[in-house]
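There are 4 protein chains.
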Amino acid sequence: MEIEIATIGGYEEVGRQMTAVRAGSDVVIFDMGLNLSQVLIHDNVETERMHSLDLIDMGAIPDDRVMSDLEGDVQAIVPTHGHLDHIGAISKLAHRYNAPIVATPFTIELVKQQIEGEQKFGVENDLIKMEAGESMTIGDHGVELEFVNVTHSIIDAINPVLHTPEGAIVYGLDKRMDHSPVLEDPIDMKRFREIGREGEGVLCYIEDCTNANKKGRTPSERVAREHLRDVLYSMEDYDGGIVATTFSSHIARVKSLVEFAEDIGRQPVLLGRSMEKYSGTAERLDFVDFPSDLGMFGHRKSVDRTFKRIMNEGKEDYLPVVTGHQGEPRAMLTRMARGETPYELDDGDKVVFSARVIPEPTNEGQRYQAEKLLGMQGARVYDDIHVSGHLNQEGHYAMLDALQPQHIIPAHQDLKGLSGYVNLCESEGYRMGRDVHVSRNGNLIQLVD
Amino acid sequence: MEIEIATIGGYEEVGRQMTAVRAGSDVVIFDMGLNLSQVLIHDNVETERMHSLDLIDMGAIPDDRVMSDLEGDVQAIVPTHGHLDHIGAISKLAHRYNAPIVATPFTIELVKQQIEGEQKFGVENDLIKMEAGESMTIGDHGVELEFVNVTHSIIDAINPVLHTPEGAIVYGLDKRMDHSPVLEDPIDMKRFREIGREGEGVLCYIEDCTNANKKGRTPSERVAREHLRDVLYSMEDYDGGIVATTFSSHIARVKSLVEFAEDIGRQPVLLGRSMEKYSGTAERLDFVDFPSDLGMFGHRKSVDRTFKRIMNEGKEDYLPVVTGHQGEPRAMLTRMARGETPYELDDGDKVVFSARVIPEPTNEGQRYQAEKLLGMQGARVYDDIHVSGHLNQEGHYAMLDALQPQHIIPAHQDLKGLSGYVNLCESEGYRMGRDVHVSRNGNLIQLVD
Amino acid sequence: MEIEIATIGGYEEVGRQMTAVRAGSDVVIFDMGLNLSQVLIHDNVETERMHSLDLIDMGAIPDDRVMSDLEGDVQAIVPTHGHLDHIGAISKLAHRYNAPIVATPFTIELVKQQIEGEQKFGVENDLIKMEAGESMTIGDHGVELEFVNVTHSIIDAINPVLHTPEGAIVYGLDKRMDHSPVLEDPIDMKRFREIGREGEGVLCYIEDCTNANKKGRTPSERVAREHLRDVLYSMEDYDGGIVATTFSSHIARVKSLVEFAEDIGRQPVLLGRSMEKYSGTAERLDFVDFPSDLGMFGHRKSVDRTFKRIMNEGKEDYLPVVTGHQGEPRAMLTRMARGETPYELDDGDKVVFSARVIPEPTNEGQRYQAEKLLGMQGARVYDDIHVSGHLNQEGHYAMLDALQPQHIIPAHQDLKGLSGYVNLCESEGYRMGRDVHVSRNGNLIQLVD
Amino acid sequence: MEIEIATIGGYEEVGRQMTAVRAGSDVVIFDMGLNLSQVLIHDNVETERMHSLDLIDMGAIPDDRVMSDLEGDVQAIVPTHGHLDHIGAISKLAHRYNAPIVATPFTIELVKQQIEGEQKFGVENDLIKMEAGESMTIGDHGVELEFVNVTHSIIDAINPVLHTPEGAIVYGLDKRMDHSPVLEDPIDMKRFREIGREGEGVLCYIEDCTNANKKGRTPSERVAREHLRDVLYSMEDYDGGIVATTFSSHIARVKSLVEFAEDIGRQPVLLGRSMEKYSGTAERLDFVDFPSDLGMFGHRKSVDRTFKRIMNEGKEDYLPVVTGHQGEPRAMLTRMARGETPYELDDGDKVVFSARVIPEPTNEGQRYQAEKLLGMQGARVYDDIHVSGHLNQEGHYAMLDALQPQHIIPAHQDLKGLSGYVNLCESEGYRMGRDVHVSRNGNLIQLVD
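Chains as they are written, first to last, in our numbering: chain A, 1 to 449; chain B, 1001 to 1449; chain C, 2001 to 2449; chain D, 3001 to 3449.
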């Protein structure tokens, strides 16, 4: 059976991930992501109203025109998890393919919300839920799609595996090797090891190279949780305002914040549109068990009403968890720092960033400004209470050891970013140009012909 | 009563700490430290045989000649803990003063060992042990010396407080605000708050500014421990060599390493002269409860014999904890990296640095070389599994809040390093030049005349 | 005669410089500057309409309330040169003092333009021009004010010297030690050496510590000019667009750009409001000899008309010199990068930044975005063709050698930034706290009482 | 005619450059270099006595075993210039090939000296001198070897071009695009443009990617010269010691140092083994015109004698130019800093580093230590008076424009280092995997079959 891989997006950058695998006449697409920074650099761009070709030209969504060179029928579109760089282009591209979108329940829910927000295209692909550990048949030629549970900075993340007569294709984006996550099960390394040893073994492994130049091991979420606990518990006696911010989609982190807020005698409340969206969805789908009275507010008016209530009842009784961890100019925390909300910061108030600045000068500049404005109000910052959601080098070694793939395709980075992964593979006996395929957006790689 | 403070060493650098406080006619000296980097930059220097004046000229030990301007009798020499930058000059300077050395039991033991190693001077000062929480009388004019328990990266650390009729002088070097240390009690913030409120309150606070330019809170040792646990547990299935290194004097960290080694089915063994010295002393004095069969070897021959045994019985059953976390050229780990010991590193072997590189180009160069040599042997590095032993800015705020001192003297940094602390004090209403005294080595500050 | 110095602004930051010297009953104020970054961090702030007290609260202009503690009459307000951080608060503060503003002709002209733009206060102080090398009498007690020629990144810069019976007070902001400037005379080191040796010598030297932590020597403008020549000459054969940007007030650099543009067969044209303002003023006052047909356009309409003409006649015949070297969002170059002007950038077009990013995350973020937008248009960037306008350490040594001051006051930096200068002074035998006076905004330093 | 390229060394690192080109049955080898850092990391290694296989295992010299896969006869070994990373393995590898070494006169002389120092192998290949601008026939099938003059940080550097019936192979290591070098002719861009347009054009261009991630243009040597002039002229009135250091092989820089020393009234003298070697050779071959009485001393005894003479006659009359710009522990400047030579440094003496630290922690650590030791003697450092010898991105654009090659092979960097060059090529219409060949050490690339 011919096996061909189209590396469509995310092979020259982080963002707008998209990869297609052809097994004989059946094609499966993994991820359709958005590179948000390519949108935000322009003023006043509303992606909801834009045409896909314009977004392709901007470098914001994958250029999927190479799909016409792939001779086969798309049988499924498979986003691995609900982050925008993996699902954000579905509303712009999925309608071109006569195929269902197959994903885990939480991811499906986020895809559904995104499609509903789309204003340019009518996306009517079927949405099929499949849980980690389950499989489904693809086409009529003995191809199976399996979801293996992985751990990442969002819940319900999986690595899809396409079982073909030539061996398995493992699509390895995005994960951390976490044996003690705060929510959900640990990464299913047992299953990866089985896949590496059963049948024809692994024909090809497509790897998340986000952290490929970082040595050592990405710590477990449990380490971030203990760090966060240490920080929040140290504030137990403080009788002023405490505010926290983190990635809205990072439900495990939000859960820790909510718990520790209660432990130190404060009522947590989630504020900001994306806070409400992700946590509300997670709670509705029973992924997380929040206190029954946990407030979540997204609309400006209800947020401001909440802030007024907090100011009236006493800041010392609340811990708002808000958007704005990167200092985004329009996010809640930045608005608080500018004095644009009813919540008033005072000397000595504490702001906890349970996040790291994504290292790029735009973010660094915005974050710097947000912290400076917070400081002008007297607030003090606790920074970097975070662990990455992506594998460092030791995780890559462990995956190679488990899967023992014949071929490897580094993804989710530019050439510089993935260079460390090539060296790592070569130290394990692989060789660039032979079985390590360094690709670019828009390339086809023929593995079996 | 006249109160005068002599800022003798460590006010223009990190290292060679020394401060004297005169209360009327009674003088107490806090710390007599060594700046090791000023020694090591020269080839072939043996401090044991050197005269103090030469070491003063080298900038290695405090220039205590200003003591002759201080009209009073030295009643005690009080090292706060056993790190070299606090006790390392005792063997060179203490014999000039007719006064006992007063310290906690572990510190006294380390001072004793140091004096025994001295070859130039005969140091015969009395050694007096006093526990955290205890007090003693100094001189005949109502001055008391109290030890308050603090948490640092070595055990049995205290902050000495000199109670005078004019108020307390709190000597705040070195500490972290740790409420969940792995060994010993948490920092005694309750006592600091009492001292801030009883009698005349705090006349002067001398603060450890090592991390004064770092925002947020230094994490608890428990956070480092969870990080270390995550790293070591992730290696549970590895059947080759694992080696760890950390600060020899950091008994809590060594204890965690020993525990986790056992948890993953390996026998820990401590190797290297200073490993044996600090851990052996800590165990003998009952500060830590190591497994009864824990091996500790310092002499070259016994180390090599141990390595041979490990190679014979199987590297997979052992976890050597060795010296060399900064890549010091002659330390155990660097020797292992150069292939100079019987322990042979293989592809995939793991080296855990439970330490951070002290950020200075000399260390960074040596560490880089050590890691490169380890890499040439196939070993892989896990880095930065550590938390600092010093207060970040939030700890400084908490101390000011607890002590409410009238005067503040920043210490343990150069002018650049302590600049953040001056800003911090001013944000709390103090003012440089009025009640914040930025000093230099060799100055006298008259607080009450 | 009593000599007292008030360190009013710029002693805890770079920006809003202001210092007053009292000699007996006569007071002279040096500089009244604006810290623009404290303004720009807020959205939609129009300083022209703001009250000085609000600007003081924002940290934007000096808090001159300490002036009421200075017993004497202000006889002159003396800005050293025309940069905003030295003259930008004159329109907000000068009217409070019944004293003329004394400055060199170019500086006076810029002060006049600023006062004309002010909309809140009526500033009616006399404006008196005095050239470098000239002197005037201050008050009736034998005090003289002299201007010594210095070299900086703006023309007509001087260091004022106040000759008192107790010795000279030399106000040393801002300068570079340039022996081969492109415009005007070299720095007048001969006169500084004379001042250091005549009469009572130098009582006090107030030094520009901007680069006090940088070793070596700030290169001459001639070095930047040769670098710029090398860059522009290398483009001689290019037949597309070339655009340059630099500091608008840096007339010598603009002059070099204009010359080299002509050398490579292109017509230079200066675009942007501040480009027109500074270069127009410099030409009108005969400080620089531009080609008679050199276009300078500041108003949006005339700029756009010029761009249209360039596009019609051919980009290859022009070299626009525009504002925007820091990536300021509303500056000309950023507008060009966003495609908001009629000038269209094409693949391979060249953009020359004859400037360095001022190292602060806000600037770095904005500059990054500007460069990214330029890159999206195909333009390519030549960066860092620049030399600083401020003394590095070797310049400081040379000034101390020339002036041999009794007292030194570091200025134009925060504590961290000036720390290197304190060390430098101490290496020359001075001592912090004795004759090196590290001050804060709002302090009085009594030198002679 | 079959054209095949073997990328042997320097494709995964900087250092140990080696590339072979097969045109039909004729093979030409370009460069045989040494990666010195792989040697120096080991203690006490003497390369002169080592076998090539051991040096290959150390990663110090190219692994030329792939040459056996290349079916053809080696007709010439062609080092491009005399730096060690291009000629340093000749003494270890050249004797395996029955072919002459063809190079420019200065390079040949350095090769000869190296072969004479070799103690393990007898290298007896013919040494053939060919000047820039000349050509020679290779084999019997219409292949020609031409040398094109380029500018680099050593004299007599060329780019060899192999003219084949299938087009030219241009081997582009190492160069800067200098139109105003201080010695010799500018780079021969006219000839490169001709080669790009004549006959079959350029089949393949192998490019020096050292600076491929740096934007803009590498400045001309003239810019470094003006910077150096500014620095040295500023010291004209100093009456103490001035010492300079630079790359020994950088004859143009040494020439500038010698000239400026004389301009400020000091007698230059070159000290250190490699100083004597390179400058002596350059002078003997008439590449540079030094003053007839310029002293050059390499042996320890004559150096020390010279230092004694300088101390006797007065440091103020001399300017020693010495080795040690990277702080190498055994170089002359480091020995001076340690007080191991008769030259005594005093307070205020000046040390000019006309070099940049090669950015690698080992160098940075050593340089830091050297500067610290110099500072302990009172000396003050002028740093970074240098320009790179390698093309930045704009030079790469210009070369592509001149040569318009069909194929491109990035060299002289690891994958991370060359990544910027791949992006650059793609922005010009090339494509990685199609006509941009990212290779690894030991690969064969078949261009025409």
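Just so it is clear, CB atoms sit at the ideal spot from N, CA and C, and this is done for glycine as well.
Practice problem: Give the C-beta separation of C/Leu2034 and C/Ala2089 to the nearest angstrom, bearing in mind that I take them to be a contact with Cβ-Cβ under 8 Å. | Solution: Contact holds; Cβ gap of about 5 Å.
Quiz item: In this structure, does DSSP put A/Ile29 in helix, strand or coil?
Solution: Looking at A/Ile29 - three-state DSSP - the assignment turns out to be strand.
Quiz item: In whole angstroms, what separates the C-alpha of B/His1095 from that of B/Glu1124?
Solution: One C-alpha to the other measures close to 7 Å.
Quiz item: For D/Ser3274, which option in D/Glu3002, D/Val3045, D/Phe3030 and D/Ser3248 has the closest C-alpha, if you only look at C-alpha atoms?
Solution: Comparing Cα positions, the closest option is D/Ser3248.
Exercise. Look at B/Val1243 and B/Leu1373 and say whether their C-beta atoms are less than 8 Å apart.
Key: Not a contact, by the Cβ cut-off of 8 Å.
Self-check item: Secondary structure, beta strand (DSSP E): runs of 3+ residues fully inside the segment 339-424 of chain A
Solution: For the segment 339-424 of chain A, whole beta strand (DSSP E) runs of length 3 or above, ordered along the chain, are 350-354, 380-382 and 407-411.
Practice problem: Use the C-beta contact count for C/Thr2047: other C-beta atoms within 10 angstroms, 16 or more gives buried, fewer gives exposed. | Solution: Its Cβ being crowded by 16 or more others within 10 Å, C/Thr2047 is buried.
Quiz item: Cβ of D/Leu3014 less than 8 Å from any chain A Cβ?
Solution: Position check: residue 3014 of chain D holds Val in this sequence, whereas Leu was assumed. D/Val3014 does not count as touching chain A.
Quiz item: Are the Cβ atoms of C/Val2074 and C/Val2027 separated by less than 8 Å?
Solution: Against a cut-off of 8 Å, the Cβ pair of C/Val2027 and C/Val2074 comes out as a contact.
Quiz item: Is C/Met2275 helix, strand or coil by DSSP?
Solution: Here C/Met2275 carries a helix assignment [DSSP, helix/strand/coil].
Quiz item: By Cβ distance, which residues of its chain are closer than 7 Å to B/Gly1240, with the 5 residues on each side in sequence left out?
Solution: The residues are Lys1315, Glu1316, Asp1346, Gly1348 and Asp1349.
Practice problem: Closer than 7 Å by C-beta to B/Arg1222: which residues in its own chain qualify, once you throw out the five before and the five after it? Chain order, please. | Solution: Only Ser1180 and Val1182 meet the Cβ criterion.
Quiz item: For the segment 3360-3380 of chain D against the segment 1357-1373 of chain B, are there 3 or more C-beta pairs whose distance is under 8 Å?
Solution: The segment 3360-3380 of chain D is in contact with the segment 1357-1373 of chain B.
Quiz item: Three or more beta-carbon pairs under 8 Å between the segment 1143-1154 of chain B and the segment 1066-1083 of chain B, yes or no?
Solution: Segment contact: the segment 1143-1154 of chain B against the segment 1066-1083 of chain B, three or more CB-CB distances shorter than 8 Å; contact assigned.
Self-check item: Own chain partners of B/Lys1215 with C-beta closer than 8 Å, once the 5 adjacent residues on each side are dropped
Solution: Hits under 8 Å: Asn1392, Gln1393 and Glu1394.
Self-check item: Cβ neighbour criterion (16 or more within 10 Å) applied to D/Pro3291
Solution: Looking at its Cβ environment, which holds fewer than 16 other Cβ atoms inside 10 Å, D/Pro3291 is exposed.
Quiz item: How many whole angstroms separate the CB atoms of C/Leu2055 and C/Arg2022, which I take to be in contact at a CB cut-off of 8 Å?
Solution: About 25 Å separates the beta carbons of C/Leu2055 and C/Arg2022, which is beyond the 8 Å limit, so they are not a contact pair.
Practice problem: Using a Cβ cut-off of 8 Å (strictly closer), state whether B/Met1432 contacts chain C. | Solution: Chain C places a beta carbon closer than 8 Å to that of B/Met1432, counting this residue as a contact.
Quiz item: For A/Ala451 versus A/Leu127, is the C-beta spacing smaller than 8 Å?
Solution: In the structure displayed, chain A extends from 1 to 449; residue 451 of chain A sits before or after that span and is not available.
Exercise. Report buried or exposed for B/Leu1053, applying the criterion of at least 16 other Cβ atoms within 10 angstroms of its Cβ.
Key: It is exposed - the Cβ of B/Leu1053 has fewer than 16 other Cβ atoms within 10 Å.
Quiz item: Should B/Leu1183 be flagged as near chain D, meaning a C-beta pair shorter than 8 Å?
Solution: No, no contact with chain D.
Practice problem: Give the single residue among A/Pro329, A/Gly272 and A/Arg356 whose Cα lies nearest to the Cα of A/Val322. | Solution: Selected option, being the one with the closest Cα: A/Gly272.
Quiz item: What does D/Asn3443 reach in chain A if we use C-beta pairs closer than 8 Å?
Solution: The answer, in chain order, is Gly433.
Quiz item: Can the beta-carbon of A/Gly412 be found closer than 8 Å to that of A/Asp174?
Solution: Checking the sequence, you will find His at residue 412 of chain A rather than Gly. Yes; because the gap between Cβ atoms is below 8 Å, this pair is in contact.
Self-check item: For D/Met3001 and D/Val3448, the rounded distance between their alpha carbons
Solution: In this structure, the straight-line span from the alpha carbon of D/Val3448 to that of D/Met3001 is close to 7 Å.
Quiz item: Apart from the five residues just before and just after C/Ala2261, which ones in its own chain have a Cβ nearer than 6 Å to its Cβ?
Solution: Around C/Ala2261, the same chain offers Pro2268 and Leu2319 as residues with beta carbons nearer than 6 Å, after the five sequence neighbours per side are excluded.
Practice problem: Using a threshold of 8 Å, state whether the C-beta atoms of A/Ser354 and A/Arg284 are closer than that. | Solution: It is not a contact, given that the beta carbons lie outside the stated cut-off.
Quiz item: Mind checking if A/Asp43 is an interface residue toward chain B, Cβ cutoff 8 Å exclusive?
Solution: It does not; no Cβ of chain B falls within 8 Å.
Self-check item: Residues that DSSP places opposite C/Thr2007 in a beta bridge
Solution: C/Thr2007 pairs with C/Thr2019 and C/Asn2443.
Quiz prompt | Any chain C beta carbon closer than 8 Å to D/Ile3283 | solution = Correcting the residue type first, residue 3283 of chain D is Glu in the shown sequence and not Ile. Chain C contact via Cβ: absent.
Quiz item: Does any C-beta atom of chain B lie closer than 8 Å to the C-beta of D/Pro3361?
Solution: For D/Pro3361, the nearest beta carbon of chain B is closer than 8 Å to its own beta carbon.
Practice problem: Output, in chain order, the set of chain C residues within a Cβ distance shorter than 9 Å of B/Asp1414. | Solution: Ser2419 and Asn2423, listed in chain order.
Quiz item: Cβ atoms of B/Lys1092 and B/Ile1061: under 8 Å apart, would you say?
Solution: Using a Cβ distance threshold of 8 Å, B/Ile1061 and B/Lys1092 count as a contacting pair.
Self-check item: Proximity test, Cβ basis, 8 Å: C/Asp2073 and chain D
Solution: Not an interface residue.
Quiz item: Is the Cβ-Cβ distance between A/Asn441 and A/Asp63 less than 8 Å?
Solution: Cβ distance < 8 Å, so A/Asn441 and A/Asp63 count as in contact.
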